[in-house]
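S.K.: In terms of the working numbering, the sequence shown opens at residue 26 and continues consecutively.
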Amino acid sequence: MLLAQPDRWREWASLRPDQRPDAAQTLRISARLDRLIDPPTVVALGATNIGKSTLLNALAREALAIVADEPGVTRDHVGALVDLDGLLVRWVDTPGLRPGAADAEREAVALALDAARGADLLVLCADPGEPFPDQISSAISGVGSIRVGLRADTGETPGAEAHVCALLPDDVRRLAGTLRRRLLSDDDLAWGGPWAFCDALRDRISHADA
């Protein structure tokens, strides 16, 4: 896509102002396309022992997070660069949220919530036996989210927008595509106008009619 930009900017410059793509639309799409250069941050939130770490390992195709049946195993957030259907993201796997946690675990959760407030997308996780972390997510404003039901092989999770069994590669691929489209849509990738990927180009779009 970057290789096409010289031609697209020449075409844009050759058009009259009234023929050019809308400036506000161009800047909005460019901001999302910037995620191809600067990986967005995705934060997974949910209860303990529901398979968040297993999902991260499946997405990353390697053992990055500790996986066990002991609640609270991931006591600090684990970060990894993950390829979601062609889009590289910074994935943050947070400690499980649970009542009665030890002090160190509560501190780790607080750090994870700080990371969530700076995220580009929250993946709210649940499974057929554990609800979504709505109380936590409602305290984080201005961040897009998607509700994902884990352990889909054990049943459906009420209220989930997507379901996944992390042990099934086809499920993992489908979820990766769903998450990528939340961050960067197919329409964004098909955008035929110029991509303002630096301050100079953004200024050029903003002041084109000045």
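Every residue, glycine too, gets a C-beta built ideally from N, C-alpha and C.
1) Is the beta carbon of H67 sitting closer than 9 angstroms to the one on L146?
2) Among L70, D110, Q50, G111, whose alpha-carbon lies nearest the alpha-carbon of P158?
3) Under the DSSP definition of a beta bridge, which residues are partnered with R115?
4) Report the residue from P156, A49, D59 whose alpha carbon sits nearest the alpha carbon of S210.
5) Identify whether V92 lies in helix, strand or coil by the three-state DSSP scheme.
6) What do you reckon, is the C-beta of G184 under 8 angstroms from a heavy atom of the ligand NAP?
7) Comparing C-alpha positions only, which one of S162, E155, G167 sits nearest to R176?
8) Using C-beta distances below 6 angstroms, list every residue in its chain close to V114, excluding the 5 sequence neighbours before and after it, in chain order.
9) Under a Cβ-count criterion, where at least 16 other Cβ atoms within 10 Å of its own Cβ denotes burial, should R41 be classed as buried or exposed?
M.R.: If we stick to the structure as given:
1) Reading off the sequence shown, one finds Val at residue 67, where the question assumed His. Yes, they are a contact pair.
2) Per the C-alpha coordinates, the member of L70, D110, Q50, G111 positioned closest to P158 is L70.
3) DSSP lists T66, L106 as partners of R115.
4) Ranking P156, A49, D59 by Cα distance to S210 puts D59 first.
5) Because the pLDDT at V92 is just 37, under 50, the model does not fix this residue reliably, and the value given afterwards should be weighed accordingly. The three-state secondary structure of V92, taken from DSSP, is coil.
6) Ligands are entirely absent from the displayed structure, and the ligand NAP is therefore not among its contents.
7) The residue from S162, E155, G167 with its alpha-carbon nearest to that of R176 is E155.
8) So the qualifying residues of the chain are P64, P65, V67, V107.
9) R41 is exposed by the Cβ-count criterion.
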